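Scroll down for the structure; my scribbles are underneath it.
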Amino acid sequence: MATTHHPTAAGSHCSAPEPRAPGTRRFSINITPAERAGRVILGAAAAIAGIVLLTSAGSAVVLEILLVAAGLDLVVTGALGHCPLYQKLGYTPASLRRPE
Numbered sequence: 001m002a003t004t005h006h007p008t009a010a011g012s013h014c015s016a017p018e019p020r021a022p023g024t025r026r027f028s029i030n031i032t033p034a035e036r037a038g039r040v041i042l043g044a045a046a047a048i049a050g051i052v053l054l055t056s057a058g059s060a061v062v063l064e065i066l067l068v069a070a071g072l073d074l075v076v077t078g079a080l081g082h083c084p085l086y087q088k089l090g091y092t093p094a095s096l097r098r099p100e
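Residue numbers (the UniProt record's numbering): 1 to 100.
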């Protein structure tokens with residue numbers, strides 16, 4: 001949680017948590033920068049390909065919609081840096097682990 005430093009009368013600082021709007025969450029980053037970039041690039045390509053296929057009046061509309069949805073999921077998780085599946089599985093890349 002982020003902290004704000006407030007000076008006290010003696011000139012020392014104490015930490016108090018910043019207030020957060022009710023119902024909001026702060027997700028931890030659990031995707032490496034390289035994977036984030038890859039997700040955004042591949043996700044955008046998949047979403048664009050799905051949209052192009054949808055506009056060409058193909059017969060596999062459901063698959064094309066799924067391709068767009070998967071692409072958008074990759075773009076969002078890459079942009080946010082947080083993968084809910086990684087969190088559920090308890091996976092954290094070695095480069096993002098904090099020493100204990």
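The beta-carbon is built from N, C-alpha and C at its ideal position, and this holds for glycine as well.
Just so you know, these numbers come straight off a predicted model, no measurement behind them.
Residue i, buried or exposed, once every other Cβ within 10 Å from all chains shown has been counted against 16
i	result
threonine 77	buried
alanine 60	exposed
leucine 66	exposed
glycine 90	exposed
Spatially closest choice to residue i from the options, by CA coordinates
i	options	result
phenylalanine 44	Val75, Lys88, Leu54	A small fix is needed here, since residue 44 is alanine in this sequence, not phenylalanine. Nearest option by C-alpha distance: Val75.
isoleucine 31	Leu89, Leu63, Cys83, Pro99	Cys83
aspartate 73	Leu54, Glu100, Leu42, Val62	Leu42
alanine 69	Lys88, Gln87, Ile48, Gly81	Ile48
proline 33	Val52, Pro22, Ala79	Ala79
Contacting residues, own chain, Cβ-Cβ under 6 Å from residue i (five flanking each side not counted)
i	result
alanine 9	Any reading at alanine 9 needs caution, since the residue's pLDDT is 48, under 50, leaving its predicted position unreliable; the model's value is listed next. Result list for alanine 9: empty, nothing under 6 Å.
Nearest-angstrom Cβ-Cβ length linking residue i and residue j, presumed shorter than 8 Å
i	j	result
alanine 46	glycine 71	3 Å
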